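Engineer: For the sequence shown, this note's numbering gives the first residue as 15, with consecutive numbering after it. Please read through the structure below; I'll follow up with questions.
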Amino acid sequence: MNNYVEEISFLEEPAIKAGNEYLEIIIIPGWGSNLISIVEKQTNTELLRVPASKEEFWDKPVLFGTPILFPPNRIDQGTFNFDNRTYQFDINELDKQNHIHGFVHTRNWDVSVVDINEQIVTIITEFDSSKHIEVMNQFQHHFMIRMSYLLNDNTLSKKAEIINKSNEVLPFGFGYHTSFLFPEEKSLFKLPADKRWKLNERLLPTGELEEIPYRQDLNEGMSLVGLELDDVFLSNIDNQGLHTAQIRNGSTGVEINYTVDSNFKHWVVYNKDGKSGFLCPEPYTWVTNAPNLDVPVELSGFKGIEPGDTNVLRTWIVVS
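This is the structure we're talking about:
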């Protein structure tokens with residue numbers, strides 16, 4: 015199987031490189047446990063948007079690799095009420111007066127396990143909120159996130175375990191801002207979805223669902239040339255409780271199937287101006303601004319984790 019794993023320096027930052035005969039990955043614990051690179055080795059194709067320098071990364075860290083979002087996307091004015099408590103997060107999207115993308119994707123994580131055998135390479139990283147006073151000041155809960163990355167043949171599996179170590183119910187939303195390279199003129203994108211959320215001028219859902227004008231094309235696989243996206247789609251879960259987005263690159267022949275479990279009820283799809291060569295299919299457990307929406311929680315995905323409980327989320331990136 016030719017599995018390997020080693021500690022390296024990536025843009026002057028400690029990192030872990032692992033691979034086999036199919037894929038090679040790089041994870042940077044100090045950059046939010048960011049899976050910053052996936053290379054398909056047969057064609058030597060980089061799949062993710064990788065920064066050229068650390069300055070470029072820190073200028074817009076959410077647009078490189080696979081940032082972990084806890085909680086994901088926008089919260090109106092950074093505030094909401096839950097379980098008899100008012101939360102106030104930092105306003106870090108000044109032009110729209112929102113909090114966006116949570117606390118963990120720019121902070122240092124610890125590496126707890128690096129294991130290699132003939133079949134699977136395993137890397138486990140952990141984030142402990144009690145080690146980050148600036149997080150605890152906004153979100154007064156002790157929680158841990160444990161990320162397990164498993165590389166097996168042409169499949170990268172990710173397991174996220176969110177652990178409530180506090181004595182109160184933990185408001186919960188989670189997602190990934192996965193930034194794939196996507197040459198628009200040569201690529202197709204497929205996402206099974208029947209509805210999308212109607213958004214206001216601040217890109218917050220109004221609470222209404224609407225038809226997708228290009229639904230059939232999106233469901234079957236479509237070009238995104240000339241289509242600018244920052245849209246929020248409602249997932250279509252299959253009979254196995256899974257949902258798969260697909261990217262096909264016509265120039266390299268590489269196909270990426272990005273499958274998520276039934277916890278991920280929504281996808282945000284973002285491509286900046288539609289001509290920048292990348293695409294972010296972002297699976298979320300809750301819809302943008304879920305705590306402030308007047309819709310059933312079964313639809314919004316907003317829920318809590320009881321004290322001492324763990325929520326487990328699984329995703330798979332299969333490259334062929």
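All residues carry an ideal CB built from backbone N, CA and C; glycine is no exception. If you're wondering where the values come from, they're calculated on a predicted model, not measured in any experiment.
Hey, how far is the Cα of ILE41 from the Cα of ASP208?
Structural biologist: Here residue 41 corresponds to residue number 27 of the sequence shown, with the count starting at 1. Here residue 208 corresponds to residue number 194 of the sequence shown, with the count starting at 1. Cα-Cα distance, rounded: 34 Å.
Engineer: Just the C-alpha distance for GLY315 and LEU170, rounded to the nearest angstrom, thanks.
Structural biologist: Mapped onto the sequence shown, residue 315 falls at position 301. Mapped onto the sequence shown, residue 170 falls at position 156. Those two C-alpha atoms are separated by around 25 Å.
Engineer: Would you mind reading off the limits of the beta strand (DSSP E) that contains LEU293?
Structural biologist: The count along the sequence shown starts at 1 and reaches residue 293 at position 279. LEU293 -> beta strand (DSSP E) spans 292-298.
Engineer: Determine the extent of the alpha helix (DSSP H) in which MET161 is found, giving its start and end residues.
Structural biologist: Working through the sequence shown from its first residue, we reach residue 161 at position 147. No alpha helix (DSSP H) contains MET161, which is instead part of the beta strand (DSSP E) from 157-166.
Engineer: Between ALA32 and GLU215, what straight-line distance do the alpha-carbon atoms span, to the nearest angstrom?
Structural biologist: Position 18 of the sequence shown, counted from the first residue, corresponds to residue 32. Position 201 of the sequence shown, counted from the first residue, corresponds to residue 215. Whole-angstrom Cα-Cα distance: 43 Å.
Engineer: Taking 8 Å as the cut-off, decide whether the C-beta atoms of ASN48 and PRO86 are in contact.
Structural biologist: To locate residue 48, count along the sequence shown from 1; it is residue 34. To locate residue 86, count along the sequence shown from 1; it is residue 72. Taking 8 Å as the Cβ cut-off, ASN48 and PRO86 do not qualify as a contacting pair.
Engineer: Return yes when the Cβ of LEU164 is within less than 8 Å of the Cβ of THR136, no when it is not.
Structural biologist: Your numbering for residue 136 matches position 122 in the sequence shown. Your numbering for residue 164 matches position 150 in the sequence shown. The answer is yes: Cβ separation under 8 Å.
Engineer: Starting from PHE78, follow the alpha helix (DSSP H) in both directions and report where the run begins and ends.
Structural biologist: What you label residue 78 is simply residue 64 of the sequence shown in a count that begins at 1. PHE78 -> no alpha helix (DSSP H), and no H or E assigned at all.
Engineer: For TYR284, count neighbouring C-beta atoms within 10 Å of its own C-beta (all shown protein chains included) and say buried if the count is 16 or more, exposed if not.
Structural biologist: Residue mapping note: residue 284 aligns to position 270 of the sequence shown, counting from 1. Buried is the call here.
Engineer: Assuming PHE292 contacts LEU195 under a Cβ cut-off of 8 Å, what Cβ separation, rounded to an integer in Å, is found between them?
Structural biologist: Here residue 292 is taken as the residue at index 278 of the sequence shown, counted from 1. Here residue 195 is taken as the residue at index 181 of the sequence shown, counted from 1. The pair is a contact, with the Cβ atoms about 6 Å apart (cut-off 8 Å).
Engineer: Quick test of your reading: VAL246 and THR302, contact by CB under 8 Å. State the CB separation rounded to the nearest angstrom.
Structural biologist: Looking up residue 246 in the sequence shown gives position 232. Looking up residue 302 in the sequence shown gives position 288. That pair is a contact at about 6 Å.
Engineer: State the beta-bridge partners of LEU213 as determined by DSSP.
Structural biologist: Here residue 213 corresponds to residue number 199 of the sequence shown, with the count starting at 1. According to DSSP, LEU213 bridges with PRO219.
Engineer: Counting only the same chain and skipping the five closest in sequence on each side, list residues whose C-beta sits under 6 Å from that of GLU175.
Structural biologist: By 1-based counting over the sequence shown, the position of residue 175 is 161. Result list for GLU175: ARG160, THR324 and VAL326, in chain order.
Engineer: Between VAL127 and THR139, what straight-line distance do the alpha-carbon atoms span, to the nearest angstrom?
Structural biologist: As a position in the sequence shown, residue 127 is number 113, starting the count at 1. As a position in the sequence shown, residue 139 is number 125, starting the count at 1. If you take the alpha carbons of VAL127 and THR139, they lie about 7 Å apart.
Engineer: Report yes if the CB atom of ASN17 is closer than 8 Å to the CB atom of ILE130, and no otherwise.
Structural biologist: Counting from one through the sequence shown, the residue named residue 17 turns up at place 3. Counting from one through the sequence shown, the residue named residue 130 turns up at place 116. Cβ distance < 8 Å, so ASN17 and ILE130 count as in contact.
Engineer: Look at the Cβ atom of ILE52, then the Cβ atom of LEU37, and state whether they are nearer than 8 Å.
Structural biologist: Taking the first residue of the sequence shown as 1, we reach residue 52 at position 38. Taking the first residue of the sequence shown as 1, we reach residue 37 at position 23. Yes, Cβ-Cβ distance for ILE52 and LEU37 is below 8 Å.
Engineer: Under the rule that 16 or more other beta-carbon atoms within 10 Å means buried, what is ASN95, buried or exposed?
Structural biologist: The residue given as residue 95 occupies position 81 in the sequence shown. The residue is exposed, with fewer than 16 neighbouring Cβ atoms inside 10 Å.
Engineer: Taking the alpha carbon of GLN56 as the reference point, which residue from TRP330, GLU27 and GLY267 has its own alpha carbon closest?
Structural biologist: Locating residue 56 in the sequence shown gives position 42, where the first residue counts as 1. The option with the nearest alpha carbon to GLN56 is GLY267.
Engineer: Go to ILE270, then tell me how far its beta strand (DSSP E) extends in each direction, as first and last residue.
Structural biologist: As a first step, residue 270 is located in the sequence shown; it is residue number 256 there, counting from the start. Note, ILE270: beta strand (DSSP E), 269-275.
Engineer: Per the DSSP calculation, GLY322 is bridged to which residue(s)?
Structural biologist: Working through the sequence shown from its first residue, we reach residue 322 at position 308. DSSP, once it has assigned bridges, lists no residue as partnering GLY322.
Engineer: Check whether the stretch 257-273 and the stretch 219-231 are in contact - that is, three or more C-beta pairs closer than 8 Å.
Structural biologist: With the cut-off at 8 Å, the stretch 257-273 and the stretch 219-231 do not touch.
Engineer: How far does the alpha helix (DSSP H) with LEU313 in it reach, from first residue to last?
Structural biologist: Taking the first residue of the sequence shown as 1, we reach residue 313 at position 299. Here the alpha helix (DSSP H) through LEU313 covers 311-314.
Engineer: Should GLY240 and ASN122 be called a contact, given that it needs their Cβ atoms to be closer than 8 Å?
Structural biologist: On the sequence shown, position 226 is the one that residue 240 refers to. On the sequence shown, position 108 is the one that residue 122 refers to. Taking 8 Å as the Cβ cut-off, GLY240 and ASN122 do not qualify as a contacting pair.
Engineer: Let me know if LYS204 comes out buried or exposed under the rule of 16 or more other beta-carbons within 10 Å of its beta-carbon.
Structural biologist: As a first step, residue 204 must be located in the sequence shown, where it is residue number 190. The residue in question, LYS204, is buried, as its Cβ has 16 or more Cβ neighbours within 10 Å.
Engineer: Looking at the secondary structure, which residues open and close the alpha helix (DSSP H) in which GLN260 lies?
Structural biologist: Along the sequence shown, read from residue 1 onward, the residue named residue 260 stands at position 246. No alpha helix (DSSP H) contains GLN260, which is instead part of the beta strand (DSSP E) from 256-263.
Engineer: Only counting the same chain, and skipping five residues up and downstream in sequence, which positions put a Cβ closer than 6 Å to that of ASP142?
Structural biologist: Mapped onto the sequence shown, residue 142 falls at position 128. If we look at ASP142 and ignore the five residues flanking it on each side, its Cβ neighbours are MET158.
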